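Engineer:
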Amino acid sequence: MSLQASAPCPNYEEGSAWYVLLASLVAATSGLLFGFDIAVINGAILFLREQFQLSEVQTELAASSLLAGCILGASIGGWFSDRFGRRRILMVSALLFALSSAGAALPRDLSEFMAARFAGGVAIGMASLLAPLYIAEIAPARNRGRLVSMNQMAIVTGILLAYFINWSLSYLGPSAWRWMFATAIIPSAVFLTALFFVPESPRWLAEMGREREALVVLSRVNGHTTALGLLDEIQAAIREEAGSLAELFQPGLRRATALAVALAILQQITGINTVLFYGSVIFKEQVGGQSDTAAIGYNVAVGLVNFLATIVALAVIDRLGRRPLLMISASVMAACQAALGAAFLLHPPPALLVLAVMLVCVAAFAVGLGPGTWVLLAEIFPNRVRGRAMSIATVALWSACFALTMTFLTLVRWLTASGAFWLYGAMCILEFLILWRWLPETRGKTLEQIERFWKQPVPAGRI
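Numbering (the numbering used here), first residue to last: 10 to 472.
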């Protein structure tokens with residue numbers, strides 16, 4: 010390496026935990042906008058259906074148009090971030106968040122609303138892969154899981170904020186939905202401004218041959234002496250990699266790609282987003298006897314439990330490890346989905362029973378599969394193609410989310426609510442089996458150590 014002790018960083022001999030925390034918090038702000046935009050439709054959809062007289066299929070289109078944009082954003086975000094840097098593309102996503110929020114508040118018909126939401130989805134798709142990726146590339150290995158999980162913490166904060174704002178504005182009547190969407194403009198502007206004050210990813214800088222800038226960032230995070238060793242390790246990993254997408258499908262990394270795609274898809278088709286997107290519809294139409302405000306109000310409790318359980322995830326993910334946490338999460342969710350299916354056999358289903366089971370299911374997801382999946386997706390790919398590899402996994406995740414959201418109401422009509430939730434429970438069991446059989450533990454390992462794991466001979470019983 011050309012940069013040794015002869016090129017010191019005298020001001021950064023000691024690493025700064027506050028520096029990496031600030032950078033992580035700014036990146037995670039995209040998660041807050043992500044969560045808000047995902048969840049705001051939950052309450053707004055009741056008023057949209059009335060104003061535009063939406064059919065069942067049109068309701069599914071209104072809810073899922075955001076997710077179609079997520080697929081596009083995830084598919085291009087990784088490539089653009091590998092070319093132009095993580096921070097710049099996060100800035101683009103911040104601008105799209107603001108424009109989408111304004112556009113979704115002012116449409117004259119369903120097509121204009123869907124176009125605005127599609128643009129917001131592009132922002133979410135890019136931010137959903139880049140925020141955890143950026144944090145993983147700047148964070149020290151000892152607390153990377155906790156810091157990446159901050160993105161999930163921001164997502165659930167955004168969800169809770171959306172539910173609370175929806176409930177608070179629901180008293181405004183038919184026009185309430187416009188104000189629900191407009192409120193995201195302010196945090197979008199704050200996010201864009203804050204990005205000017207954080208550094209670029211040191212691993213991306215090293216990849217671009219900007220070693221001195223990478224060393225400065227690594228020194229501020231880890232201290233100069235440790236940073237020299239980390240930069241050596243990063244450069245060694247870069248030299249060994251072909252840098253093309255084809256590498257992901259070669260022996261060894263093929264396992265990482267297959268596992269990442271499976272985890273991304275299963276995180277969604279376990280059914281968690283039926284609650285996040287259609288919670289108000291479920292309480293108003295499947296439980297029955299609920300006003301618009303009451304149906305929206307139940308979701309505040311869901312958002313609060315989601316928020317509190319994610320705090321628990323931050324505390325335990327770097328202690329218990331990824332694998333056991335995700336396995337526990339999947340098994341509890343399977344039991345909850347089975348219980349929800351049984352509850353909907355009752356006529357009418359008790360609202361408090363449905364709410365209680367939903368709260369346990371959401372808590373299980375928020376402790377394990379929610380943050381854990383994003384942490385793993387940010388950890389297991391090689392540096393040189395990490396952005397594009399994350400795109401593949403994130404496109405798979407958003408495609409699964411789109412399919413789930415686009416089919417939920419239709420699935421309930423075909424299979425009944427009980428059949429739909431039992432199907433989601435079966436997907437939870439499938440995820441548990443995949444985690445038990447094939448997921449390695451990544452806790453406490455550097456990104457380069459994880460990469461070397463995939464290049465080792467296949468252990469017995471593993472893919």
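Even glycine gets a Cβ: it sits at the ideal position worked out from N, Cα and C. Only a predicted model underlies this, so the values are computations on that prediction, with no experimental measurement involved.
Between Ser-110, Gly-86, Ala-215, which has its C-alpha nearest Met-100's C-alpha?
Structural biologist: What you label residue 100 is simply residue 91 of the sequence shown in a count that begins at 1. For Met-100, the nearest C-alpha among the options comes from Gly-86.
Engineer: Answer yes or no: do Val-404 and Ser-84 have a C-beta to C-beta separation smaller than 8 angstroms?
Structural biologist: As a working mapping, residue 404 is identified with position 395 in the sequence shown. As a working mapping, residue 84 is identified with position 75 in the sequence shown. Yes; because the gap between Cβ atoms is below 8 angstroms, this pair is in contact.
Engineer: If you run the structure through DSSP and keep just helix, strand and coil, what is Phe-286?
Structural biologist: Looking up residue 286 in the sequence shown gives position 277. Here Phe-286 sits in helix by DSSP.
Engineer: When the Cα of Ser-158 is compared with those of Glu-450, Val-207, Trp-88, Ala-318, which residue comes out closest?
Structural biologist: Locating residue 158 in the sequence shown gives position 149, where the first residue counts as 1. Measuring from the Cα of Ser-158, the nearest candidate turns out to be Ala-318.
Engineer: Which residue wins for smallest C-alpha separation from Phe-417, given the options Leu-41, Leu-362, Ala-71?
Structural biologist: Numbered from 1 along the sequence shown, position 408 holds the residue referred to as residue 417. The option with the nearest alpha carbon to Phe-417 is Ala-71.
Engineer: Would you report the Cα separation of Ile-164 and Asn-282, rounded to the nearest angstrom?
Structural biologist: Mapped onto the sequence shown, residue 164 falls at position 155. Mapped onto the sequence shown, residue 282 falls at position 273. If you take the alpha carbons of Ile-164 and Asn-282, they lie about 13 angstroms apart.
Engineer: By how many angstroms is the C-alpha of Gly-134 removed from the C-alpha of Arg-97?
Structural biologist: Looking up residue 97 in the sequence shown gives position 88. Looking up residue 134 in the sequence shown gives position 125. Distance between the alpha carbons of Arg-97 and Gly-134 is about 15 angstroms.
Engineer: Where do the N-terminal and C-terminal ends of the alpha helix (DSSP H) with Ala-203 fall, by residue?
Structural biologist: Counting from 1 along the sequence shown, the entry for residue 203 is found at position 194. Looking at the DSSP string, the run of the alpha helix (DSSP H) that includes Ala-203 is 194-203.
Engineer: Is DSSP giving Ile-305 helix, strand or coil here?
Structural biologist: The residue given as residue 305 occupies position 296 in the sequence shown. Looking at Ile-305 - three-state DSSP - the assignment turns out to be helix.
Engineer: With DSSP collapsed to three states, give me the class of Met-415.
Structural biologist: Here the question's residue 415 lines up with position 406 in the sequence shown. Residue state for Met-415 is assigned as helix, using DSSP reduced to three classes.
Engineer: Do Ile-305 and Gly-52 have their C-beta atoms within less than 8 angstroms of each other?
Structural biologist: By 1-based counting over the sequence shown, the position of residue 305 is 296. By 1-based counting over the sequence shown, the position of residue 52 is 43. In this structure, Gly-52 lies closer than 8 angstroms to Ile-305 by Cβ.
Engineer: Assuming Val-325 and Tyr-172 form a contact by the criterion Cβ under 8 angstroms, report the distance between their Cβ atoms to the nearest whole angstrom.
Structural biologist: Taking the sequence shown and counting its residues from 1, the one referred to as residue 325 is at position 316. Taking the sequence shown and counting its residues from 1, the one referred to as residue 172 is at position 163. Actually they are not in contact, since the Cβ atoms of Val-325 and Tyr-172 sit about 25 angstroms apart, beyond 8 angstroms.
Engineer: Out of Phe-353, Arg-446, Leu-362, Leu-268, which has the shortest C-alpha to C-alpha gap to Pro-552?
Structural biologist: Past the edges of the chain, shown from 10 to 472, lies residue 552, and the structure says nothing about it.
Engineer: Quick check on DSSP: helix, strand or coil for Leu-424?
Structural biologist: On the sequence shown, residue 424 is found 415 positions in, with the first residue counted as 1. Correct three-state label for Leu-424: helix.
Engineer: Ignore the nearest five residues each way along the sequence and tell me which others in Ala-476's own chain have a CB closer than 8 angstroms to its CB.
Structural biologist: Only positions 10 to 472 of the chain appear in this structure, which leaves residue 476 out of reach.
Engineer: Grab me the residues of Ser-11's own chain with a C-beta within less than 8 angstroms of its C-beta, minus the 5 sequence neighbours each way, in chain order.
Structural biologist: As a working mapping, residue 11 is identified with position 2 in the sequence shown. Residue placement at Ser-11 cannot be trusted, given a pLDDT of 42 that sits under 50; what the coordinates show is reported in the next sentence. Result list for Ser-11: Glu-220, in chain order.
Engineer: According to DSSP, simplified to helix, strand and coil, what is Lys-454?
Structural biologist: Reading the sequence shown from its first residue, position 445 is the one you call residue 454. Coil, per DSSP.
Engineer: Tell me the DSSP secondary structure of Gly-519 in three-state form.
Structural biologist: Any question about residue 519 goes unanswered here, given that the chain covers just 10 to 472.
Engineer: Checking 8 angstroms against the spacing of the C-beta atoms, do Leu-272 and Leu-385 come in under that value?
Structural biologist: Numbered from its first residue, the sequence shown carries residue 272 at position 263. Numbered from its first residue, the sequence shown carries residue 385 at position 376. Result yes, Cβ atoms of Leu-272 and Leu-385 sit closer than 8 angstroms.
Engineer: My assumption, with CB atoms under 8 angstroms, is that Ala-265 sits in contact with Phe-390. Please give the rounded CB distance.
Structural biologist: The count along the sequence shown starts at 1 and reaches residue 265 at position 256. The count along the sequence shown starts at 1 and reaches residue 390 at position 381. Right, their Cβ atoms sit about 6 angstroms apart.
Engineer: What's the C-alpha gap between Ala-193 and Arg-248?
Structural biologist: Working through the sequence shown from its first residue, we reach residue 193 at position 184. Working through the sequence shown from its first residue, we reach residue 248 at position 239. Each residue's Cα considered, the two are about 43 angstroms apart.
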